[in-house]
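The listed protein sequences derive, respectively, from chains A and B.
The letter at position 7 of the first sequence is residue 80 when you use our numbering, and the numbering goes up by one with no holes.
The letter at position 278 of the second sequence is residue 295 when you use our numbering, and the numbering goes up by one with no holes.
Even for Gly, the Cβ is constructed at its ideal location relative to N, Cα and C.
Source: prediction; values computed, not measured.
The structure appears below as structure tokens.
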Amino acid sequence: MAPIFKASEVHKRFGDHVVLENINLQFKSDCLSGIMGPNGAGKTTCFNVLTGKYKPDRGRIEFQGEDITGLAPHEIARKGISRSFQTMNLFNEFTVLENILIALKEVREHGFDFMHLLARESEVAAKAEKILSLVGLSGKEYHRTSDLAYGDRRSLEIGVALAAEPSLLFLDEPTSGLGAKATTQLLDLIHRLKQKYTIVMIEHDMNFLFELADSISVIHWGQVIAYGTPDTLRDNKWVKQSMLGEGA
Amino acid sequence: MIVRKIAAQDWITKEMLLIFVILVTLPLWIEQIGLYRYLGVEIVIWMIYGLGFNLLLGYSGLPSFGHGAFFGIGAYAFGLFQLWFFENLWLAIVFAIFASFIAGAAVACFVSHRRGIYFALMTIAFGQIFWFIAIKWHSVTGGEDGLLNIPRAAADFGIFAFDLDSNTELFYFVFIVFVCIVLLLWRLVHSKFGKVLQAIRQNEERARFIGYNVWLFKWVAFTLSAAIAGLAGVLFSMAQQGAYPDVMALHASGIIVMMTLIGGGFVSFWGPVIGVTIYFLARDVLGIITEAWLLWFGLVFVLTVLFKPEGVAGAWQEWRKSRTSTVSGYQTLLQFLSTKKR
Ligand SMILES: Nc1ncnc2c1ncn2[C@@H]1O[C@H](COP(=O)(O)OP(=O)(O)O)[C@@H](O)[C@H]1O
Ligand SMILES: [Mg+2]
């Protein structure tokens with residue numbers, strides 16, 4: 074089966090600092106693809122290039138067979154790619170519910186509606202409720218986002234990405250900063266999301282990824298240095314080395 | 018903390034009615050408190066200007082320091098249409114709004130991919146260009162002397178017509194425009210479009226990644242806001258029966274920013290209305306006492322930005338919140354005491 078997403082020979086540098094060098098990645102439909110690697114390896118930059126924040130200096134990016142290289146973030150988003158951010162990126166003055174509503178496809182399609190309220194249609198509100206309950210934020214609809222606890226903000230970060238009903242979901246270190254209990258809850262959430270979505274996830278927690286992922290790419294020094302299923306990678310020397318190199 | 022339910026948003030609110038009532042009766046009492054009717058005209062015109070400006074500053078988070086240009090273009094275009102072609106209030110108004118709309122749309126093309134300080138600097142630059150043209154293009158604008166003797170034709174509704182000769186008549190004309198703009202903008206800021214603008218203000222990057230063409234939204238907000246400034250400029254040139262370059266100067270563009278911020282445009286729809294009132298009262302009341310009133314006003318502005326960036330409206334909202342929380346605190350205490358007894 075052809076992959077839903079394909080990046081070929083992608084290069085990116087900032088000034089004379091080469092951050093991505095000849096990246097080749099393929100993500101299959103209905104799978105959870107993991108990306109791991111030490112801090113500063115270029116994982117987030119890779120997401121940024123794949124989702125349109127930066128244009129690659131070279132290379133080609135394809136989504137559902139279509140060339141999306143160099144498209145703007147909103148164009149890529151509208152093709153059905155959603156992402157979450159490692160450092161949280163929410164609408165802090167909005168309520169939790171408004172964060173979800175604004176990201177819903179139904180609202181986005183009517184962005185230039187000068188008359189009607191955000192959630193005038195009850196189906197739209199119901200949809201937002203469903204997403205909030207999925208990510209475990211029911212009952213906090215009317216909390217101001219900046220007042221949320223850290224873990225709840227992490228969940229909302231994922232909720233906002235889900236709201237657009239993506240065909241492909243990029244998650245950038247969703248567990249970062251979470252305690253053990255919250256990490257377990259998140260693991261459970263991603264297990265559930267896995268049934269419905271095609272996911273690409275960056276994760277530094279090796280065990281987390283080994284449990285969830287169908288395949289894993291290891292990025293180091295801006296290159297994909299290993300690729301395989303969790304089982305084949307468990308004893309890979311690069312994986313061991315890069316994870317040891319990461320320290321704590 | 019529960020912020021605010023996204024319940025059905027009314028077309029008309031209590032605050033709105035209160036402001037309408039205060040304004041509609043203004044000609045009856047303004048002279049009683051030692052002021053004059055023309056001041057009412059001026060205040061309401063600048064309220065319109067401020068409300069349109071706040072669509073950009075407060076709702077979209079885009080600080081334009083060149084909005085005087087569009088106010089001025091509206092004023093000049095209104096005059097020029099009638100001096101060049103013929104006297105007709107409606108056509109002149111449409112022409113003037115169109116002119117400021119076009120100017121706004123053109124400038125918006127250049128500034129919409131910017132924000133923050135770069136946005137501010139570019140709007141200053143464009144504002145200065147328009148101001149310079151207004152001063153130098155003598156044959157059209159009358160240069161520093163301005164455009165004089167702009168006719169103020171009657172408001173002709175076909176079957177009947179209103180003269181707008183007296184300040185009271187003009188006031189009610191301006192008031193009706195104000196009501197329309199308030200109703201329109203109130204709806205707009207609570208619509209999906211308005212929410213997207215607020216989302217862009219809070220987090221432009223995320224707005225982009227959930228699929229909004231941020232550039233286009235900013236462009237529309239800027240252009241709309243410029244058109245409303247142009248409409249206010251029209252009313253001002255009707256009031257003054259002339260159009261002058263000073264409203265286009267950087268100084269004048271800065272004052273609308275000050276008014277909007279002092280009033281609390283970032284936290285309230287009514288921020289600019291409050292700010293404009295404070296400014297004109299300061300000018301006419303403080304102005305009697307000291308010629309340096311603008312210095313004091315500027316000082317208040319600096320203090321506002323330093324200590325209460327949410328402005329008067331923000332202080333008011335906080336006061337009300339603190340009052341409700343002391344009440345509930347008191348109730349909790351009572352509850353606590355009564356449970357203890359039992
Ligand atoms: N916008 C940028 N400008 C310059 N350097 C950048 C930029 N973004 C990332 N980098 C650099 O790219 C490298 C990889 O960063 P990043 O992709 O965040 O790593 P990771 O997510 O794997 O921890 C780092 O050295 C970082 O400093
Ligand atoms: Mg990272």
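Chain B contact residues for residue i, given Cβ-Cβ distances below 9 Å
i	result
LEU210(A)	Neighbours of LEU210(A) on chain B: none; closest Cβ ~14 Å, over 9 Å.
PHE167(A)	VAL20, LYS212, GLN215, ALA216, GLN219
Where residue i meets chain B, residues with beta-carbon distance less than 8 Å
i	result
HIS183(A)	LYS209
ARG156(A)	PHE226
Cβ-Cβ separation, residue j to residue i (assumed contact under 8 Å), whole Å
i	j	result
LEU144(A)	GLY125(A)	6 Å
SER77(B)	ARG218(B)	5 Å
PHE243(A)	ARG156(A)	4 Å
GLY153(A)	PRO239(A)	5 Å
ASN162(A)	ASN220(B)	6 Å
ILE141(B)	PHE70(B)	Between PHE70(B) and ILE141(B) the Cβ distance is about 15 Å, and since that is not below 8 Å, they are no contact.
ILE179(B)	ALA171(B)	According to the sequence provided, residue 179(B) is Phe. The question's Ile does not apply to it. Yes, PHE179(B) and ALA171(B) are in contact; Cβ-Cβ is about 6 Å, under 8 Å.
PHE118(B)	ALA244(B)	4 Å
Within chain A, the residues that residue i reaches when beta carbons sit closer than 7 Å
i	result
GLY228(B)	HIS147, ALA150, ARG151, ARG181, ALA237
LEU205(B)	PHE187
Interface flag, residue i vs chain A, CB-CB below 8 Å
i	result
ALA125(B)	no
ALA221(B)	One detail in the question is off: residue 221(B) reads as Glu in this sequence, not Ala. With 8 Å as the cut-off, GLU221(B) does not count as an interface residue toward chain A.
VAL213(B)	yes
ALA178(B)	no
ARG225(B)	yes
ALA216(B)	yes
SER339(B)	no
ILE23(B)	Here ILE23(B) scores only 41 on pLDDT, less than 50, and its place in the model is too uncertain to base an answer on.
ARG359(B)	Low local confidence applies: a pLDDT of 37 at ARG359(B) is under 50, so the model's placement there is unreliable, and no value is given.
THR356(B)	A caution first: THR356(B) carries a pLDDT of 49, below 50, which makes its placement in the model unreliable, though a value can still be read off. No, its Cβ sits nowhere closer than 8 Å to a Cβ of chain A.
Straight-line Cα distance separating residue j from residue i
i	j	result
GLU222(B)	VAL124(B)	23 Å
SER102(A)	ASN172(A)	27 Å
THR307(B)	TRP313(B)	9 Å
THR277(B)	LEU201(B)	19 Å
LEU34(B)	CYS197(B)	13 Å
GLY121(B)	PHE136(A)	38 Å
MET64(B)	VAL329(B)	15 Å
ASP220(A)	PHE167(A)	10 Å
PHE239(B)	ILE146(B)	17 Å
LEU229(A)	TRP232(B)	25 Å
PHE177(B)	LEU248(B)	23 Å
THR321(B)	GLN258(B)	35 Å
PHE281(A)	LEU260(A)	7 Å
GLY331(B)	PHE37(B)	21 Å
LYS338(B)	TYR53(B)	36 Å
TYR270(A)	ASP245(A)	15 Å
LEU56(B)	PHE297(B)	8 Å
TYR215(A)	LEU191(A)	14 Å
LYS4(B)	GLU335(B)	Outside the displayed span of chain B (18 to 359) sits residue 4(B), for which this structure offers no information.
MET274(A)	VAL290(B)	49 Å
GLY184(A)	ASP304(A)	46 Å
VAL128(B)	VAL293(B)	26 Å
Neighbour flag for residue i against chain B, beta carbons, 8 Å
i	result
THR124(A)	yes
ALA176(A)	yes
ASN121(A)	no
PHE164(A)	yes
LEU323(A)	Beyond the ends of chain A as shown, which are 74 and 321, falls residue 323(A); an answer cannot be given.
LEU241(A)	no
LEU191(A)	yes
- request: Please list the residues of the region 214-233 of chain A that have a C-beta atom closer than 8 Å to any C-beta atom in chain B, keeping them in chain order.
  value: Answer set for the region 214-233 of chain A: TYR215, HIS216, ARG217, ASP220, VAL233.
- prompt: Just by C-beta distance, which residues in the region 38-58 of chain B are closer than 8 Å to chain A?
  reply: Listed by position along the chain: nothing, the set is empty.
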